[in-house]
Each structure stands twice: as C-alpha cells, then as structure tokens.
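First to last, the protein sequences are chains W and F.
According to the numbering used here, the first sequence is numbered sequentially starting from 44.
According to the numbering used here, the second sequence is numbered sequentially starting from 190.
Just so you know, even glycine gets a beta-carbon here, dropped at the ideal spot from N, CA and C.
All values reported here derive from a predicted model rather than from experimental measurement.
Working notes, structure below.
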Amino acid sequence: MKPAPFEYRRPETVEEVIHLLAEYGDEAKLLAGGQSLIPTMNFRLAQPAMLIDLNTVEGLDGLDAGDDGSLRMGAMVRQAMAEKSALVAERVPLLAETLPYVAHAQIRNRGTIGGNLAHADPRSELPAVMLALAASVTVRGPDGERSIGARDFFAGFFETALEEGELLTEVVLPPAVEGGGQAFLEVSRRLGDYAMVGVAASVVCDGAGRCDQASIALLSVGSRPMLAERASACLVGERPSRATVVAAGHAAGNQDIDPPADMHASVAYRRRLATVLVRRALTTAFERAGCVIGEGAS
Amino acid sequence: MGAHPHVGAGVLRNEDPQLLTGRAIFVDDVHLAGTLHAAFLRSDFAHGRLLSVDTSAAKRREGVIAVYTAEDLGDYWCHGPLLVPPPPIAGLTFNTATLVPLARDRVVHVGEPIAVVVAESRYIAEDALEDIVVDIEPLPVVVGLEEALAPDSPVIHEALGTNVAAHVVQQKGDYEAARGDAHTVVSRKFSYDRGVAGAIENRGILADWNARNEELTVWDTTQAPIPIRNGLAERLGLLQSQVRVVAPFLGGGFGPKMMMFYPEELLIPWISMRLERPVKWIEDRAESFFATTNERLQLHEAELAVDSEGRILGVKDVFLHDSGAYDPYGITVPINTQCTLLGPYRVPNYYSEFTAVFTNKTIVTPVRGAGRQHGVFVMERLLDFAAKELGIDRVEIRKRNFLTPDEFPHDHEILFQDSAPLVYDSGDYLPAMEKAAEMIGYRKFLDEEQPKARAEGRRLGLGIVSYVEGTGIGPYEGARVSVEPSGKVQLATGVGTQGQGHFTTFAQIVADQLGVDVTDVHVVTGDTREFSWGTGTFASRGIVVAGSACHEAAIVVRKRILSVASEALEAAEDDLELADGVVRVKGSDLSISLGELAVRANPLRGAVAAGAEPGLEATSYFGPARGTTASGVHAMIVEIDPETLEVSIQRYVVVHDCGRLVNPVIVDGQIHGGVAHGIGNAFFEELVYDDQGQLLNASFMDYLLPTATDVPHMEVAHVETPSPLNPLGVKGVGEAGAIPVGALYAQALEDALQGAVEIREIPLSPGRLFDLVQDAEADS
Ligand SMILES: Cc1cc2nc3c(=O)[nH]c(=O)nc-3n(C[C@H](O)[C@H](O)[C@H](O)COP(=O)(O)OP(=O)(O)OC[C@H]3O[C@@H](n4cnc5c(N)ncnc54)[C@H](O)[C@@H]3O)c2cc1C
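Structural data, given as structure tokens:
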C-alpha cells in the first residue's frame, strides 16, 4: 500500500497551478485534502507522475458572504471549517445539516469542499446539496474563469465538466428565498459511511401555502447525483399534504431512479429507501418552510 | 495475609501506562540499522497453474537487493506442518494439505505468495513487484461448498483427488430412535458465515541474523512465540538457543496470529540469514484480507426432536464447513461447532456429521469463538422454532432443558478439539438465565413495552439466548517466579499475550501469595529468552493454564521465603505472615523485607544447604487433563425501522460465568470486546467472494467493522461457578462475548418483525432484512 513514485510541487498561486497543469497535462493530479486521492494512490489505482499540492496556494480558502445573501466558498475550505462556520449555518443551513454525514470528523478536518465536488463521487453528499440548492462552481484554466451550474458540473461517474488544465476555485451558493425550507436525510450502514441512499430536498412555498419549487436531489442511486423530476412534479403547484409527499416519494423511488445493486443494497432496497427518505425529507422541508402539511388522502 | 486480596479485585492494569502513553513497543516500532524491507507478490487468481515467474527486471531495479521465488528456496521449500492433528475419532477421514512458503506450479487462492522482493525500502520493494512478470494459466475455481463436492467439480489438491478435507461423525445415544418417540421434530437449513479477525495491528516480522554471534532474533506478531522459535530452529538447522523469538505487545490477535507457519514467518528469517541484514515485513491492510487466515461459511441441515413439553430428546446436525485452500489447523473449527452446539442443555441423543471442504479461498483457522458461533446459532434457533411450534415461552424451553448442578461433571460422550472427551467440569445455568431475564425486564417487555410500542407503530424486539464455551485446554503452560534483591518480583511465562491484561492478572495471582503489591510483580511474556517452554495464547486458556502455573510457582516461592525468613527471624514458619513486601512475626515489629531475604537466599559466602537451591525462585507447570466450561446468557432489545429496516440496539445485557473472577474489570473488557466482535459478525461483516474466488470487499471501506457508534453500552453481570479443574477455580473468557450474538440478533429481529420472517442465516443487514421481508410477503 505504498504509492508509485511521483513528483511533487507546491505552487503558491492559482496561476502557477494553471502553468503546471498545462505543462504536465494528464500526468498531473491536484492534491487537496488527499482523503480520496491518497488512498487511491496507495492502492496504486491512480499513479500520477506529478502531484500539485493546492494546500500552499493562496486565496482558495475564503468563506465570504455576498451582499445579495449568497455564500462563496473557496475550494480549499475544509469540510470541518464549513461545518463549524456560523455563516454557513445562517446562510446555507442545508449544507450545515449535511456536513456531519460526510465521512468522519478526522477526515473532514483535512477533506475540502472543492476536493469533494471535483471528485464527483455519486455517493457523496455535497454534490447532491449543490444540486438541490442550484449552486454553481467557479473554475479557472488557461482560458480564464468560467462558472458552471451544479446540474452541468456533475457529468457522470467520478466525472465533472472540468476541462483538462482547469481547477475548481470556488463554489457559489445562491441566497435563501422567502418561504424556503430544506432537509437532508440518508441511510448508511454505519455513521460516516457513504450512504446507500441519501436525499437533499429544498422546497419553496408561496404566500398561499402552495409549493412553488421543489428540488429533490438523490445520491447513491446511479452514476451521478440526480434531481428527482417526477417527484418534484407531484408537488409543484400543489398544497403540500401527506398524500403529495407520499406520491413524491413513490415517484422518486419507482420512476425517477434506476439504481444499481451492490453488496450493501439491492435495487429494490434502494428504491424503498429513496421512497421513504424523499417522503420524510420533504415532510421536514415543508415544515421548515412554514408550510403545514395537510392530512389529505394518501 | 487475608484470603486473596488481589484476586477478584478490579485493579488497574500494569500495562496501561505504557500502552496509553504510546511507549509500548510493537513489532513495527523496532528499528534496526540497515534494515531491508520485503514485499510479497501475490496471486491475482484463485486457482491456476503457475507457468513462469520472471523476476529479472525487478532484480535490476535500483535499491532491490534480492528477489526469491519457490525455485530459489531449494530444500527450504516444503509443505508446512500439520499444526493440529485431528482427534482420534472412529471412522474419521482427514486429508492433509498444508501450505507452502511460495507457490510452485500451482496457486490455490487469491493472495497466495509467489515471490518476495527485498529492497532498501518498502516503497522500492512494492515498485519492484510491478516489474515481475507472472504467467498463470487460470483453472476452474472452487467457491461454493456444495459445488466443491459435486462429482464434476475441479479438484484443488490433485494428489488428494477430492475436495473433502475431512469427514467426521460423532454421536451419542441413538438419535433415530429418539426421533421416533418425539412429539415434535423441527428441521431447518441454516447458513452461518464469519469474517476476518480485524486486529488493529496487522501481522509483521522483523528478523535479524547476527552472523558474528550466530544468533537469530525474530520479532513476530505471534500468539505463540515458543512454537515459532522451536519450528524455526528446526527448519533453519539451528539450536533453539540460537533463536530468540520476541512477540512484543500485539495490537490484538484473536486467533489468526496463532498460525504456524505463515509463509512470511518462515521466509523473513531465512532471508535475513542469507543477506546477513535485518529484514522487515509489515503486512498492510489490503494484504491482510488474503494473507491472514479468517473464518467463513458453514451450511447446516439440522433437526431437533422434543417431547410435548419441549424437552430435548435428540439433535441431528449435518453440515459443510469451508476450510479454504489448506487445512493446517486440522478440524479445530468444525469440531468446535460440533461440540459447542450442545450448549447448556441435556441432549440425550446426538448425531453430528460434518464435511470440511477445500475451496479456492484464504485458509480458515480459528477466530475468536472458532466455530462455536455456528453451533450456538443452530441450537438456539432450533429451540426458538420448537418453542414457537409448541407454544412454549422461549425462556421456559431453555430452562426445561438446562443441565442442573447435580449433573456435573457432565460427559457428552464425544471428543473435543483437544482430543479429550467433551466433559463439562461445572456449571449452573438457571441462575444466569433468571438474572438476565430480570435485568432485561423480560416479562415487562413482553407484556407492556412491546405491545405499547406496536400500538404506536414502533417495532421492538427482544432476544435472549444461552451458550457454553469450552475453554482452558492443555497441553500446558509454565511460569517462573523470582524475588529479586530489590524486593520486586519477576514473573516469566511462555504463554504469549495479545492484549488481554496478562501483565495484571498473572501479577494479581502471584501478589496474593507473596504479599506484595500488584505493581511490584513484573510480568514478562512473549520472549523465548525469558521462558523457554509453552504453547501460546488461544482457546481462552491464558488465565486457566498459565494463571494456574503462576499460582503454583508462587506457592513454592512463598514456602521458600518462609523457610529463609524463619531462619533469619528465628521464628517458626507458622508464626510468620507475608504482607506489604515484608515477612513479619505475627503480632510483633520483627520483620525482614523480601529483598533482604532474596540476598540471604543467594549468599556470597557460606553455603547453600545441600539439596536446597539458591534464590527465591521457582518454576512450575500446569497441564489440565481437559478444558473448563464457561457459559453465559445474552439478552438484548432492538428497535427496527419498519420502512428502512435500520436496526438500533436499545439495551444489551450479558450474564456470564467464567468461574472465579481474577479481575472483574478485565473480564468485563473481554466481554465488551467479544460482543463488539459478535455484533460485527451478526450485522456488519461479510467477506463477499464472486464466482471466480475474488474477494470483492478487501478494504475497511466495504468490509464493515462495527464502530463505537454501532456497539451499545452493555450491562454485564456475573455468576461464579468455580472450576474444579484448577487451583484458582477459573475458566476462560476471551472468546465468550463473541459467541451467541448471531443467535441473539436472529431471535430479537424476528421478534421485532412480528414473525414476518424466519431468520436462518448470519450475517444480516438492513438490506438483507428488507429482501427477506419482501420474499416472505411474496410467498404469502
Ligand atoms: C473513510 C472515508 C470515508 C469517507 N466518507 C465520505 C462520505 O460519507 N461522503 C463523502 O462525500 N465523502 C466521503 N469521503 C471522501 C471525503 O469527503 C474526501 O475528502 C473528498 O471526497 C475529497 O476531498 P479532498 O479534499 O480530500 O480531495 P483529494 O482527495 O485531495 O482530491 C480528490 C480528487 O479531486 C481532485 N481535486 C481536488 N481539488 C481540486 C480542485 N480544486 N480542482 C480540481 N480538482 C480537484 C483531485 O485531483 C482528486 O482527483 C470519505 C473519505 C474517507 C477516507
């Protein structure tokens, strides 16, 4: 369990990182918290010839409030730092609620927000949160900077919209909306494990108590985190009730997803978990949005 | 001296200051100048013909010192010893296939070592592994137990012509006749799987051949330093006095570190002798899943014949046992299953037949519990099903069948793993069951709590099961007690240790005899230079066998102290007392310290009387004719989420009987650790092999050990039924906690699911429970 030989650089600016990436091309790997990359290298599943350490790069660990109520998080913000941040708790309660589910405290001390998103593990919690909140990521490369919406960023199994030579520098979380409520839930084998299924739900209710928007992001149900569109359709424009959240759960579990089986969960079990978790998460999210869930027929 | 002030007290552990401050030495902490590092090339195939191994590129890599394959070993290559020959059971079939140091011609499991690289660093050694070109022609793989026995199955060991490792029938009475008289017979199929030991410290070896002194020192993570020393000396053509094996602190062993020999254990010393440099190999976690022995599946077809009151008339059990690719440990695991199945019950007629099967998987040897889990599961489940069928309460059916104190010693008329008859020494099972039922609130739960929860849509379930555990078997252990001029006591034993608290419990036993503080008894174990005779720490035997040897040696030293003191103090021995490190004339100020007595016993002038020995020292050995029988009852309450099938343990109760408690804190610790192991086995851990014999979850990412958040607080109580087989009245406890947990989960979950499913398998998981419930719904 020792990595293959590699070279190592500690650049200090984003420009230097971009230069190094240009020079070494796909021989190079960026090192953030190392919590996913180093194990892969130790198993020799990844054998990068060049390791570019982001830990010494300036300007990647900011946690700033935008005037519009948004939140900008540098790629190198440690998961633990975000977890403990009062600003995150205030502006993006869903993220604060979710972070304790990401791995274990020791791993969150090193693991970064950017590394987690760039890794694009379909079982990861944070990509689902970004989807549910319609966040965007900022990336920089030889041609400058661009912003990519979460929907487009998570392109596939451990795959993102990052082009060769680019790095992720920042995540931008949009401002909270009046009448909004969110919730995160997952079922994992043990605390800190990747979930068998997880859901990040974000709803917005209008003044009349109708559901205006519902973003329901699921993780561990396919090759990338996904939005359960049919489930949303059960809710938008409706007055939330026991019946609508039950229907949304069923739509998510039985129509929206085509989940894989693995040694921890069969397809049918994943469908069951998605059905139940979506219903439960929505119930909580609507409550938090100040929307009373009517009994309705179920 | 009062009666045993230390034995029975929960004194703090002597070894903890070292362990808790990180000063304790483990094998990988030993750093010798000039050490080389070894890495092993292991087979990627579960079964294949090894056509060629080309190491030339690896040898050319900078920093590589040597590369060895089977061919390079010359005469040193041979099959390892049969560590535990099977007991002399009539009609037994036993086919031996012991492992080899490096594969030659054939590989029989994934991870079997093929070549070893020795380099200036482990990094270089691992780089060089990628330079080696191996040509293996894959052969059809034997994975399933039933498939392995099919006439058209590929055969793993061609010379044997069969995949049968052993076939054993043991019986008592006449089961078929008993079945004929039965009111009810319940028969079921069961499958019980187990996994790795999961010691926090993997295996490791550092060998240092000193060519000038012609001495070999080997630091080894072994539970059996003396047998390893003896075996290495023999294989390497050295005197035992030229070989020193040190097993320093171990980060857990749990059985697999009791093997002899692992290929690495045999090769690293040999390489050190050839290269005349220290050579180290530390197993990494990924290798450990393949290279360290583990336990696995048994498939049982069993039946229980009872009368109308639920009294057992007989049990029949026929099972298959997975031996893995070789069987150096004989039939220890399945015979434990066979013997432990009988439990605390009166079973007048028993028919048990097993077939141990070779498969293309890692070798199976004992892991904490060592097959006992499987047997307990079968018996407890059968009792549960019988109780249900007869409408008898599950606690009641057990009580009706418990052996009573007047039935001991109880002869089960079959042979145990140590070749001795399976005779229970002592036991009193009813009080333990009653205590456990009371502690868990059995009646109140069934009458009030469970119905109330059900009315609220919550699913609570209770489990309560019992078991016995054969512990403390021979052949022997020894101990040497010496009082030094400082007044401190040195206690050396050869048993080896793996973290159980031997530095404290053995000290307590000696301190009581010598009237000294526990902290003044310095225990040395796991170093063959300090004590030359012994076997090892396994089978829950340390306190029984080595502890008794410590006790005997301390008694002899005590006598010598009294005799020297009687002369020094001019008082009769009967008038002397030992306490606080001095010998005192009772009722007076007249005293002499143990240190002074030690000097007097080893004088520079004058003469040691003829026939006497110098010093205050004695060595004793203890070899019990057969083992002691510990027992226990576990009970728990679980809640299961009816939708997600997630399970949480609300309460966990253990009532255990390991005879006299030497140190209740340490005993509770053993039980806590055992239960954690059991929870892992029942609900988290599983070695998942595909049909090509590839292990799909060889990392702690997917092989799930229970963590602190999965293991509940345990309420532990004790019943003390002393063993008549040793002077201390003790029984073993090391494995106890792990044994009944599978049976407990099955009963509790079934109860929580209101009988929607019948659970006949371990391990379980939320996903598996979901599938079982779905299947049951589809069936009905
Ligand atoms: C035992 C364990 C349990 C875990 N459990 C979970 C869990 O339950 N949920 C979960 O979400 N995660 C889990 N993780 C993963 C953890 O969250 C990682 O920290 C995270 O996925 C990667 O972040 P990192 O900063 O460590 O990135 P690294 O490991 O350093 O990098 C990961 C990948 O991202 C690339 N990368 C890093 N930063 C950038 C950047 N700025 N721009 C472009 N590419 C970049 C790297 O090149 C690499 O390919 C677990 C990890 C472990 C070890």
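query: Option nearest A865/F by Cα separation, candidates L914/F, H691/F and G931/F; result: G931/F
query: R52/W beta carbon near ligand 1 (any heavy atom closer than 7 Å); result: no
query: Extent of the continuous alpha helix (DSSP H) run through Y618/F; result: Y618 to I629
query: Short Cβ contact (8 Å threshold) for K550/F with Y892/F; result: no
query: Per-residue contacts from R136/F into chain W (C-beta, under 9 Å); result: Any answer about residue 136/F is impossible in this case: the structure gives chain F only from 190 up to 969.
query: For I826/F, three-class secondary structure by DSSP; result: strand
query: Identity of the residue in I860/F, D614/F and S912/F nearest H924/F by Cα; result: Reading the sequence as shown, one finds Glu at residue 924/F and not His. It is I860/F.
query: Under 9 Å by beta carbon: chain F residues contacting R233/W; result: F873, L893, L894, P895, T896, T898 and D899
query: Three-state class that DSSP yields for Q360/F in the structure shown; result: strand
query: Every unbroken beta strand (DSSP E) within the stretch 241-311 of chain F, with a cutoff of 3 residues, ordered by chain; result: 253-258 and 302-308
query: Start-end ranges of the beta strand (DSSP E) lying completely within the stretch 470-502 of chain F, minimum 3 residues; result: 487-495
query: Test item: CB-CB of V306/F and A227/F under 8 Å; result: yes
query: Three-way DSSP call (helix, strand, coil) for S755/F in this model; result: helix
query: Beta-carbon neighbours of F959/F, restricted to chain W and to distances below 9 Å; result: A308, S309, A311, Y312, R315 and L316
query: Under 8 Å between C-beta atoms of Y515/F and A367/F; result: no
query: Within chain F, the residues that A47/W reaches when beta carbons sit closer than 7 Å; result: D316
query: Range covered by the beta strand (DSSP E) that runs through W398/F; result: G393 to N399
query: Beta-carbon proximity of G650/F to A937/F, cut-off 8 Å; result: yes
query: At least three beta-carbon pairs within less than 8 Å, the stretch 423-443 of chain F to the stretch 374-391 of chain F; result: yes
query: Proximity test, Y540/F beta-carbon vs ligand 1 heavy atom, cut-off 7 Å; result: no
query: Nearest to R322/W (by Cα), restricted to the options S231/W, A274/W, L138/W and A118/W; result: A274/W
query: Residues near R606/F in its chain [Cβ-Cβ closer than 6 Å; skip 5 each side]; result: For clarity, residue 606/F is Gln in the given sequence; the question names Arg instead. For Q606/F, where only same-chain residues beyond five positions count, the Cβ hits under 6 Å are T521, I524 and N525.
query: P143/W beta carbon near ligand 1 (any heavy atom closer than 7 Å); result: no
query: Test: N886/F CB closer than 8 Å to a CB of chain W; result: yes
query: Within chain W, partners of G956/F - CB distance below 8 Å; result: M239, H307, A308, S309 and Y312
query: Pair within 8 Å by beta-carbon distance, V230/W and F329/W; result: no
query: Test item: CB-CB of W398/F and S461/F under 8 Å; result: yes
query: Neighbour flag for R485/F against chain W, beta carbons, 8 Å; result: no
query: The stretch 697-717 of chain F in contact with the stretch 738-751 of chain F per 3-pair CB rule at 8 Å; result: yes
query: Cross-strand partners of T682/F (DSSP beta bridge); result: A668/F and T714/F
query: DSSP beta-bridge partners of P136/W; result: P136/W is not bridged to any residue.
query: Residue(s) in a DSSP beta bridge with Q963/F; result: DSSP lists no partner for Q963/F.
query: Distance between G292/W and A340/W (C-alpha atoms, nearest Å); result: Bear in mind that the predicted position of A340/W carries a pLDDT of just 45, short of 50, making it too unreliable to give a figure here.
query: Any non-hydrogen atom of ligand 1 within 7 Å of N886/F CB; result: no
query: Alpha-carbon to alpha-carbon, L933/F and L216/W; result: 48 Å
query: Contact set between the stretch 351-385 of chain F and chain W, restricted to residues whose Cβ is under 9 Å from the partner; result: none
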